[in-house]
Structures are given as structure tokens and as C-alpha cells.
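**Student:**
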Amino acid sequence: DKRLVKLWIKYVDCLSNPLEIYQRLYNTGIGVECSEFYRAWACYCEESGDYKKANQVYMLGLQAKAQPLDELEQAHMNFQLFFAQRMLHDDSPTKRKAASAL
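When we follow the UniProt record's numbering, the leftmost residue of the sequence shown carries the number 1, and every step to the right adds one.
Here you go:
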């Protein structure tokens, strides 16, 4: 149920270890059919600077065909565009290495 997923997302946002909780929710099957779950999880990864993990989370959601799928596809495309623009504007060796890891 989408409402339960939203409630979990609000709860996780209040915790000090959200990544661990998102992983635990995923492992137990909570929210895995809801695109909002993957978007929130990936967003937290992005904010933490873990772009590789954010991309992996989006891919998990796309593979699960989380609904609404078009919203998840759009969020993933926006993430990819943001990341590409970031790499264009910051051409340091560290950033190039991070981009090649994706």
C-alpha cells in the first residue's frame, strides 16, 4: 500500500541510519512494488554523495517494475542528466573515476 510506504519514508527520514533501514525494508519486501520507495532511497544516496548506490537503487526499482513505473523512469533519467552535467562541470580526476564506476 502506497500510504504505508509513505509512512515508512517519513519514519526513515527521522533516523540517523536511513541507508541501513532502507536496505532492511527492501530485504523484507516492504515498499518494493512502489516507485516512491526507490525514489526516496536513491535521493538519500544522492544527498550522501553515493551516486553509484543511487544508480543501483534506481535499477532495482526498474527491474522490479515498481509502480508507477513512468515516474521512476523519469526520476532515473533526471538523476542521470544531473550526474552527467555534474561531470561536465567538474572534470577533476576524482570525478572522472567516480563516473567510470557507474
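Each residue gets a CB set at the ideal place from its N, CA and C atoms; glycine is no exception.
Relative to the C-alpha of G31, which candidate in V5, Y58, I21, Q56 has its C-alpha closest?
**Tutor:** Numbered from its first residue, the sequence shown carries residue 31 at position 31. Of the candidates V5, Y58, I21, Q56, the one whose C-alpha sits nearest the C-alpha of G31 is V5.
**Student:** Compute the beta-carbon to beta-carbon distance between H76 and L62, rounded to the nearest angstrom, for a pair I have assumed lies under 8 Å.
**Tutor:** In the sequence shown, counting from the first residue as 1, residue 76 sits at position 76. In the sequence shown, counting from the first residue as 1, residue 62 sits at position 62. Confirmed, Cβ separation roughly 7 Å.
**Student:** Using DSSP with H/G/I as helix, E/B as strand and the rest coil, what is C43?
**Tutor:** In the sequence shown, counting from the first residue as 1, residue 43 sits at position 43. Of the three classes helix, strand and coil, the one that applies to C43 here is helix, per DSSP.
**Student:** Measuring alpha carbon to alpha carbon, tell me which of A66, V57, Y11 ends up nearest W41.
**Tutor:** Here residue 41 refers to the residue found at position 41 when the sequence shown is read from its first residue. W41 has its Cα closest to that of V57, out of A66, V57, Y11.
**Student:** From V12 to P18, what does the alpha carbon distance come to, in whole angstroms?
**Tutor:** In the sequence shown, the residue the question calls residue 12 occupies position 12. In the sequence shown, the residue the question calls residue 18 occupies position 18. For V12 and P18, the distance between alpha carbons rounds to 5 Å.
**Student:** Select from C14, N55, S35 the residue whose C-alpha is nearest the C-alpha of K65.
**Tutor:** Looking up residue 65 in the sequence shown gives position 65. Of C14, N55, S35, the residue nearest in Cα terms is S35.
**Student:** Thinking F79 and E47 are a contact (beta carbons under 8 Å), I'd like their distance in whole angstroms, please.
**Tutor:** On the sequence shown, residue 79 is found 79 positions in, with the first residue counted as 1. On the sequence shown, residue 47 is found 47 positions in, with the first residue counted as 1. Cβ atoms of F79 and E47 stay farther apart than 8 Å, at about 12 Å.
**Student:** Considering just the uninterrupted stretch of the alpha helix (DSSP H) at L60, what are its terminal residues?
**Tutor:** Within the sequence shown, residue 60 is the residue found at index 60, counting from 1. Element bounds for L60: 51–64.
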